[in-house]
Each structure stands twice: as C-alpha cells, then as structure tokens.
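K.L.:
This is the structure, below, for whatever I ask next.
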Ligand code: G3P
Ligand code: MG
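In our numbering, the protein residues as written are 28 to 273.
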C-alpha cells in the first residue's frame, strides 16, 4: 500500500488563485487559512540562484520582458511580482528558494518543491534545488518532496540529495508510469487529475506508490479522487477545498 506522511490538501503555487503565485505572501496566505502544505515552482536565475517562479519568461507575473535564465538574481529580486494580481499585492518580490524555505519552516508548512528548469538547465536546476533543499530542511520532521516533469532534473536531484523523497510529475499518466516512477526511486506519481481513473489509482497504489493530483478545484471531483484513494490534492481553490476538506 502507498504511504503518505504529508498533508493531503496542498495550496498550489503557494496561495492558489488568491495570492500572487510563488511569492512569500502566497505562502503566508495559505498558512493563514490553515493550509499545512504548499506546492511551488523553482527555477534558476541567470547566475544560478534558485528562485520561485513558474514561467521561463517574466512578462506574465512581473510585467517586464526578459527570461529568468538570463537575468541575474539581483535584478529578479527588484521586480514586482504581486501587482499583476491587484494593488493589494504590489511590492511582493520573486523570492529566492532559500527565503521561501525559511518561511515554510517558520510557519510549519510542508513543501512540495516542483523543480521547474528553464529549457537547457535541467541538470543544474535539479542539482541546485536538491542540494539547497537538503541544507535548508536539515533536521526537519517532514522533508520536502522534490518533483519534476524533467527526468534529467530528477536524476540530478537524486545524485545531489539522495535522502530527499522524489515525485514523478506527469500530465497524463503514461503507459510506462511504473518504469518512470522506479527510474528515480520516486515515492509518488503527480498527475493531472483528469488523467486518473479508479483502476489506475488501484494499480499505482498496488505498486507502493502514492498519488498526488493537480490541480483540483472542484469539490465534487476532489471527493471522487479521494474516494479512489488519491493521497494528496493540489488546489487553487483554497476557499472550497480547504485544509479541513479531508
Ligand atoms: O506540481 C503540480 C503542478 O504545479 C504542475 O503544474 O504548471 O502549475 O507547475 P504547474
Ligand atoms: Mg508547479
């Protein structure tokens, strides 16, 4: 049977759709609502600092043009990553992974760290994120779970921090899901919830693997996934799929 030691309801990108994604304000927002777990995305700046951001480009969340992988951290840290969602959030910054980890530890938030490499930076991102995660969560009761769509990033993460758990991220559950999970000794399969079926859920659990579904925003769908045994749901709908949902 699968074993899941982590929170079952997790806020997507920190604060779901209620706070600017991948910011410290988002982490604090989720925690204030009672969330015990967060998912966020980690990418490398142009000079190799792991930061929280989803897109490879800066436009959508900061309003300036540019590529994360070509911008030094000092420049990224000056950008406004909150105003796009509303005046209330103006002044929020792109946090470093280190700042985010410290806030998670301070607030008692468990983290699913999605390693989100910009194209061409897969190994470097996996290695840097995993090395830093091992350092920042040293001695923590619940270690962060490192996940990625990138096989190279997962491989590098395993080499850099073999003791940290890994999750295999996929969109649709592929036919070779078991080989993918075993390739990097993953404890969990993270799939688009629309691709999970009850028989698949049974098979995944029978292999001893946990199931995380993203991004689940409809409470009826959430109930169904939980009834199939899904171990963890990642949600944007922090108002209806609350930490107390399970
Ligand atoms: O980690 C699950 C989910 O966050 C993957 O999709 O694009 O929101 O990072 P995305
Ligand atoms: Mg993500």
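Just so it is clear, CB atoms sit at the ideal spot from N, CA and C, and this is done for glycine as well.
Rounded to the nearest angstrom, what separates residue 180 and residue 273 at their Cα positions?
P.N.:
As a first step, residue 180 must be located in the chain shown, where it is residue number 153. As a first step, residue 273 must be located in the chain shown, where it is residue number 246. Taking the straight line from one Cα to the other gives about 32 Å.
K.L.:
Thinking C-alpha only, which one of 222, 86, 70 and 227 is nearest residue 149?
P.N.:
Position 122 of the chain shown, counted from the start, is the residue given in the question as residue 149. Ranking the options by Cα distance to residue 149, first place goes to 70.
K.L.:
With a threshold of 16 other CB atoms inside 10 Å of the CB of residue 189, please say whether the residue is buried or exposed.
P.N.:
For this step, residue 189 is matched to residue 162 along the chain shown. With fewer than 16 other Cβ atoms within 10 Å, it is exposed.
K.L.:
For the ligand G3P, is there a heavy atom less than 6 Å away from the beta-carbon of residue 198?
P.N.:
If you number the chain shown from 1, residue 198 lands on position 171. Incorrect: residue 198 has no Cβ contact closer than 6 Å to the ligand G3P.
K.L.:
Just tell me which of 31, 99, 86 and 39 has its CA closest to the CA of residue 268.
P.N.:
Translated into positions along the chain shown, residue 268 becomes position 241. Comparing Cα-Cα distances from residue 268 to each of 31, 99, 86 and 39, the minimum goes to 39.
K.L.:
Which residues does DSSP list as the beta-bridge partners of residue 119?
P.N.:
Within the chain shown, numbered from 1, the residue matching residue 119 stands at position 92. Looking at the DSSP assignment, residue 119 forms no beta bridge with any residue, so it has no partner.
K.L.:
For residue 255, which residues in the same chain have their Cβ closer than 6 Å to its Cβ, ignoring the five residues on either side in sequence?
P.N.:
As a first step, residue 255 is located in the chain shown; it is residue number 228 there, counting from the start. Cβ neighbours of residue 255 beyond the five flanking positions: 225 and 228.
K.L.:
Do residue 137 and residue 47 come within 7 Å of each other at the CB atom, strictly closer than that value?
P.N.:
Counting from 1 along the chain shown, the entry for residue 47 is found at position 20. Counting from 1 along the chain shown, the entry for residue 137 is found at position 110. No, the pair does not count as a contact, with Cβ atoms beyond the cut-off.
K.L.:
Output the boundary residues of the alpha helix (DSSP H) element that contains residue 231.
P.N.:
Against the chain shown, residue 231 aligns to sequence position 204. Residues 225-233.
K.L.:
State the Cα-Cα distance for the pair residue 58 and residue 168, rounded to the nearest angstrom.
P.N.:
Taking the first residue of the chain shown as 1, we reach residue 58 at position 31. Taking the first residue of the chain shown as 1, we reach residue 168 at position 141. Cα to Cα, the separation comes out at about 18 Å.
K.L.:
Three or more C-beta pairs closer than 8 Å, one from the segment 97-111 and one from the segment 186-203: is that the case here?
P.N.:
No: fewer than three Cβ pairs fall under 8 Å.
K.L.:
Here's the rule I'm using: 16 or more other beta-carbon atoms within 10 Å means buried, otherwise exposed. How should residue 68 be labelled?
P.N.:
Against the chain shown, residue 68 aligns to sequence position 41. Burial call: buried.
K.L.:
Could you pull out every unbroken alpha helix (DSSP H) segment of at least 4 residues lying fully inside the segment 122-183, listed in chain order?
P.N.:
DSSP runs (the alpha helix (DSSP H)) wholly in the segment 122-183: 124-134 and 149-163.
K.L.:
Measuring only from the beta carbon, is residue 241 closer than 6 Å to any heavy atom that is part of the ligand G3P?
P.N.:
Numbered from its first residue, the chain shown carries residue 241 at position 214. Result yes, Cβ under 6 Å from the ligand G3P.
K.L.:
Please list the terminal residues of the continuous beta strand (DSSP E) segment that includes residue 101.
P.N.:
Locating residue 101 in the chain shown gives position 74, where the first residue counts as 1. Note, residue 101: premise wrong, no beta strand (DSSP E); alpha helix (DSSP H) at 100-103.
K.L.:
Measure from the alpha carbon of residue 73 to the alpha carbon of each residue in 102, 124, 31 and 196, then state which is nearest.
P.N.:
In the chain shown, counting from the first residue as 1, residue 73 sits at position 46. When each option's Cα is compared against that of residue 73, the closest is 102.
K.L.:
Could you give the residue range of the beta strand (DSSP E) that holds residue 215?
P.N.:
Residue 215 sits at position 188 when you count from the first residue of the chain shown. Residues 215-219.
K.L.:
Could you please give me the residues that DSSP links to residue 64 through a beta bridge?
P.N.:
Here residue 64 refers to the residue found at position 37 when the chain shown is read from its first residue. Note: residue 64 sits in a beta bridge opposite 137.
K.L.:
Taking 7 Å as the cut-off, decide whether the C-beta atoms of residue 240 and residue 253 are in contact.
P.N.:
To locate residue 240, count along the chain shown from 1; it is residue 213. To locate residue 253, count along the chain shown from 1; it is residue 226. For residue 240 and residue 253, no; Cβs fall outside 7 Å.
K.L.:
For the ligand G3P, is there any heavy atom lying closer than 6 Å to the beta carbon of residue 263?
P.N.:
In the chain shown, counting from the first residue as 1, residue 263 sits at position 236. No, Cβ of residue 263 sits at least 6 Å from all heavy atoms of the ligand G3P.
K.L.:
Going by beta carbon distance, what residues of the same chain come within less than 8 Å of residue 158, once the five residues before and after it are set aside?
P.N.:
Start at 1 with the first residue of the chain shown, and residue 158 comes out as number 131. Excluding positions up to five away in sequence, the list reads 187 and 188.
K.L.:
When the Cα of residue 79 is compared with those of 260, 155 and 124, which residue comes out closest?
P.N.:
Locating residue 79 in the chain shown gives position 52, where the first residue counts as 1. Measuring from the Cα of residue 79, the nearest candidate turns out to be 124.
K.L.:
Taking its Cβ as the centre, do 16 or more other Cβ atoms sit within 10 Å of residue 174, making it buried, or is it exposed?
P.N.:
In the chain shown, counting from the first residue as 1, residue 174 sits at position 147. Buried: at least 16 other Cβ atoms inside 10 Å.
K.L.:
With respect to 6 Å, is the separation between the Cβ of residue 219 and the closest non-hydrogen atom of the ligand G3P below this value?
P.N.:
Locating residue 219 in the chain shown gives position 192, counting from the first residue. Residue 219: no, Cβ never under 6 Å from the ligand G3P.
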